[in-house]
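Numbering (our numbering), first residue to last: 102 to 253. We put the beta carbon where it would ideally sit given N, CA and C, even for glycine. These figures come from a predicted structure and were not determined experimentally.
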Amino acid sequence: MKKLFIAIVAVFAMSTVASAQFQGIGVRLGGGQGFGAELSTMWNFGNRTEIDLGWSSSDSHTSFSLTGIYQWQGEIGSGFGWFAGVGARAAFWSYDGGDSDIALGIAGQAGVEYQFSAIPIQLSLDIRPCFWLIPNTDFHWGDIALGIRYMF
102 MKKLFIAIVA VFAMSTVASA QFQGIGVRLG GGQGFGAELS TMWNFGNRTE
152 IDLGWSSSDS HTSFSLTGIY QWQGEIGSGF GWFAGVGARA AFWSYDGGDS
202 DIALGIAGQA GVEYQFSAIP IQLSLDIRPC FWLIPNTDFH WGDIALGIRY
252 MF
């Protein structure tokens, strides 16, 4: 039963991604609750979806995160826009002593962006709070991050 469930989820995920339109790729710097840099991608699933892969390393641990945020957006004017969304977040920490942690949570995101008219570059400034559900319930307001993306 577990293998059937995983197979159904995998087929659904692949069909959803196959129908999505890739919009942009770049980095998100300074945010992510300790994840100093994230590879950031933009997709169009009928509305915009941001999928980010974060990585961080220090003297005591290495961490990875995967975040997917479904976003609503609007125009402010003169190349400026706003966005807000909700999604899921997973994180993995590996500590030097051999211990590790896995966390799952619900993430939100809100920010402003600027799309240059002469070049396909987008800058954004956002905050991404997260309500962690596993292994413990915990709320983190998030950090302010700067995004720089090449848009297609």
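query, result
"When Ser159, Arg149, Asp160 are compared against Gly169, the one with the closest alpha-carbon", "Arg149"
"Proximal residues to Phe193 (C-beta, below 6 Å), its chain only, five neighbours per side dropped", "Phe165, Ile203"
"Alpha-carbon to alpha-carbon, Pro221 and Gly188", "26 Å"
"Gly180: first and last residue of the uninterrupted beta strand (DSSP E) it sits in", "Here Gly180 belongs to no beta strand (DSSP E), and DSSP marks it neither H nor E."
"Opposing strand residues paired with Trp156 [DSSP bridges]", "Ala138, Phe165"
"Other residues of its chain near Ile177: CB distance less than 8 Å, five sequence neighbours each side excluded", "Trp183, Val213"
"Sub-8 Å separation of Phe217 and Gly180 beta-carbons", "yes"
"CB contact flag (Ala185, Trp173, <8 Å)", "yes"
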